[in-house]
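So the protein lines, in turn, are chains A and B.
Following this note's numbering, the numbering of the first sequence begins with 22 at its first residue and continues without gaps.
Following this note's numbering, the numbering of the second sequence begins with 22 at its first residue and continues without gaps.
Glycine included, C-beta positions come from ideal geometry on N, C-alpha and C.
All figures in this text were calculated on a predicted structure; none of them were measured in a lab.
Heads up: the structure comes next, in structure tokens.
There are 2 protein chains.
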Amino acid sequence: MPRPANPRVRESLLDAGLTLFHSQGFNAVGIKEITDTAGVPKGSFYSYYSSKNAFVAAVLDHYWSGIIRDHGSLLSDETVPPMRRLGRFFGALTEDHAERGFALGCLIGNLALELSEEHEEARLRLVAILDHWSSLFAECLTQARDGGAMTAAPEATELASMIIESWEGAVMRGRVDRSRAPYDRFLSVSLPRLLGAVGASA
Amino acid sequence: MPRPANPRVRESLLDAGLTLFHSQGFNAVGIKEITDTAGVPKGSFYSYYSSKNAFVAAVLDHYWSGIIRDHGSLLSDETVPPMRRLGRFFGALTEDHAERGFALGCLIGNLALELSEEHEEARLRLVAILDHWSSLFAECLTQARDGGAMTAAPEATELASMIIESWEGAVMRGRVDRSRAPYDRFLSVSLPRLLGAVGASA
Numbered sequence: 022m023p024r025p026a027n028p029r030v031r032e033s034l035l036d037a038g039l040t041l042f043h044s045q046g047f048n049a050v051g052i053k054e055i056t057d058t059a060g061v062p063k064g065s066f067y068s069y070y071s072s073k074n075a076f077v078a079a080v081l082d083h084y085w086s087g088i089i090r091d092h093g094s095l096l097s098d099e100t101v102p103p104m105r106r107l108g109r110f111f112g113a114l115t116e117d118h119a120e121r122g123f124a125l126g127c128l129i130g131n132l133a134l135e136l137s138e139e140h141e142e143a144r145l146r147l148v149a150i151l152d153h154w155s156s157l158f159a160e161c162l163t164q165a166r167d168g169g170a171m172t173a174a175p176e177a178t179e180l181a182s183m184i185i186e187s188w189e190g191a192v193m194r195g196r197v198d199r200s201r202a203p204y205d206r207f208l209s210v211s212l213p214r215l216l217g218a219v220g221a222s223a
Numbered sequence: 022m023p024r025p026a027n028p029r030v031r032e033s034l035l036d037a038g039l040t041l042f043h044s045q046g047f048n049a050v051g052i053k054e055i056t057d058t059a060g061v062p063k064g065s066f067y068s069y070y071s072s073k074n075a076f077v078a079a080v081l082d083h084y085w086s087g088i089i090r091d092h093g094s095l096l097s098d099e100t101v102p103p104m105r106r107l108g109r110f111f112g113a114l115t116e117d118h119a120e121r122g123f124a125l126g127c128l129i130g131n132l133a134l135e136l137s138e139e140h141e142e143a144r145l146r147l148v149a150i151l152d153h154w155s156s157l158f159a160e161c162l163t164q165a166r167d168g169g170a171m172t173a174a175p176e177a178t179e180l181a182s183m184i185i186e187s188w189e190g191a192v193m194r195g196r197v198d199r200s201r202a203p204y205d206r207f208l209s210v211s212l213p214r215l216l217g218a219v220g221a222s223a
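Right under this line is the structure:
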């Protein structure tokens with residue numbers, strides 16, 4: 022009979038998976054390394070997750086919900102002009118990445134490019150996370166439009182997606198170069214240019 | 022005594038590595054799978070490459086030189102306005118990716134996000150490839166500026182890098198969504214906005 026799930030063990034597994042997948046990638050890490058890092062017996066992994074593929078989907082949720090918990094309020098802070106909120110959100114992510122010397126990238130992007138056709142559950146989770154991210158930005162963009170700070174086209178969710186894609190590319194380059202420069206140019210040039218802000222300058 | 026290197030075997034190994042790393046990733050593929058795909062004995066791998074890490078750096082060069090061989094002339098075609106050349110180059114890459122259902126992404130981006138601190142040789146190769154790519158674009162951008170089609174700031178290599186980063190992010194999203202949509206919006210909106218073309222519309 023399976024023992025009842027212990028939320029603390031589940032959380033330890035997710036924390037360990039996040040740290041290990043983020044620093045080494047998905048395929049480079051085995052389940053034993055995850056359970057060792059979490060400080061639980063290897064066999065207990067399967068009381069919580071049916072497979073490493075199911076686990077990585079849960080780790081993605083764990084990563085994304087951590088970002089929203091830490092920085093999501095920056096996007097809904099109505100005391101700040103809506104377009105400015107995007108810059109503050111990315112600024113906060115940049116400081117997170119700076120703590121790791123820009124060497125790890127974003128787990129969402131890393132897994133988006135490492136996982137392959139056999140990891141369909143994780144792929145669908147990535148689709149859902151990127152859609153959620155786009156929808157949060159689209160809300161800010163719609164408010165900016167309503168306030169006359171932005172031109173109407175393209176559609177807000179599309180524009181939000183383009184901004185996220187540019188960000189992910191900048192993070193990738195930062196990881197290759199171990200450098201803040203791609204983050205800085207994203208914030209100072211790419212973001213305002215993509216926003217096409219009325220009266221904005223690069 | 023090592024046998025003399027056979028360029029045809031080397032080419033087969035590089036082709037096999039490119040195909041396998043592109044579809045499955047670096048860590049998911051073993052040397053035996055590479056030599057089996059190349060149709061050579063496993064032991065011969067080490068007559069050509071000292072390690073899988075040295076090999077993946079060579080595979081990156083092989084991938085990038087294929088892109089330049091197939092599409093590089095689009096960037097130097099002086100019968101086409103310089104900014105238009107960038108769009109044509111990305112259009113050609115988009116068709117390459119379409120052949121694989123947008124499922125594989127760009128090997129440069131994939132390895133940039135999969136490889137970790139232990140793959141320093143490949144990381145330096147990625148730096149060199151991205152620098153070369155930026156310099157090719159920067160040449161077009163400088164010509165566009167000299168012709169009055171673009172504003173002066175930011176510096177051409179910086180702008181070229183931002184364009185490449187946006188592209189890589191779009192490719193990532195296309196891989197997650199198995200979709201052409203991120204490619205299309207990059208070409209029709211992100212690229213012209215990033216270029217900040219004088220009189221350009223999205």
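Residue j beta carbon less than 7 angstroms from that of residue i
i: L162(A); j: A177(A); result: yes
i: R146(B); j: L81(B); result: yes
i: R106(B); j: L95(B); result: yes
i: A49(B); j: N131(A); result: no
i: V77(B); j: V30(B); result: no
i: S187(A); j: S209(B); result: no
i: L134(A); j: G126(B); result: yes
Under 8 angstroms from the C-beta of residue i: neighbouring residues of chain A
i: W188(B); result: G190
i: E179(B); result: R206, V210
i: L147(B); result: V197
i: G38(B); result: The contacting residues do not exist; G38(B) stays about 16 angstroms from chain A at best.
Contact list for residue i against chain A, beta-carbon separation under 7 angstroms
i: Q164(B); result: What Q164(B) touches in chain A: nothing, since even the nearest Cβ is about 20 angstroms away.
i: G201(B); result: Correcting the residue identity first, residue 201(B) is Arg in this sequence and not Gly. Chain A residues near R201(B): none, gap ~13 angstroms exceeds 7 angstroms.
Within chain A, partners of residue i - CB distance below 9 angstroms
i: N131(B); result: L134, E135
i: S44(B); result: S137, E138
Euclidean distance between Cα positions of residue i and residue j
i: H43(A); j: L128(A); result: 6 angstroms
i: H153(A); j: H92(A); result: 14 angstroms
i: P203(A); j: P102(B); result: 27 angstroms
i: E32(A); j: L212(A); result: 35 angstroms
i: Q45(B); j: S97(B); result: 33 angstroms
i: L7(A); j: E138(A); result: No answer is possible for residue 7(A): the residues shown for chain A start at 22 and end at 223.
i: I55(B); j: G195(B); result: 27 angstroms
i: R214(B); j: A191(A); result: 16 angstroms
i: M193(B); j: I150(A); result: 14 angstroms
i: I185(A); j: S155(A); result: 7 angstroms
i: M104(B); j: R166(B); result: 10 angstroms
i: H140(A); j: D198(B); result: 13 angstroms
i: I52(A); j: K73(A); result: 7 angstroms
i: D117(A); j: V148(B); result: 23 angstroms
i: A79(B); j: G108(B); result: 28 angstroms
i: P175(B); j: A37(B); result: 40 angstroms
i: T172(B); j: G169(A); result: 25 angstroms
i: L157(B); j: S182(B); result: 10 angstroms
i: D57(B); j: K63(B); result: 7 angstroms
i: E120(A); j: F66(A); result: 30 angstroms
i: G122(A); j: R201(A); result: 8 angstroms
i: Y69(B); j: R90(B); result: 24 angstroms
i: D205(B); j: G112(A); result: 28 angstroms
i: I88(A); j: E189(A); result: 15 angstroms
i: A75(B); j: T100(B); result: 40 angstroms
i: G41(A); j: N27(A); result: The identity of residue 41(A) in the sequence shown is Leu, whereas the question assumes Gly. Using only the alpha carbons, I get a separation of about 21 angstroms.
Simplified DSSP assignment, three categories, for residue i
i: M22(A); result: In this predicted model, M22(A) has a pLDDT of only 46, less than 50, meaning its place in the structure is not dependable enough to derive any value.
Beta-carbon neighbours of residue i, restricted to chain B and to distances below 9 angstroms
i: M171(A); result: Near M171(A) there are no residues of chain B at all, since even the closest Cβ is about 12 angstroms away, more than 9 angstroms.
i: A124(A); result: S137, E138
i: L151(A); result: R194, V197, D198
Neighbouring residues, chain B, relative to residue i (Cβ below 8 angstroms)
i: A49(A); result: N48, S137
i: S182(A); result: R194, P203, R206
Neighbouring residues, chain B, relative to residue i (Cβ below 7 angstroms)
i: R144(A); result: V197
Runs of alpha helix (DSSP H) wholly within the segment 114–169 of chain B (minimum 4 residues, chain order) | Scanning the segment 114–169 of chain B from its first residue to its last, the whole alpha helix (DSSP H) runs of 4-plus residues come out as 128–135, 141–167.
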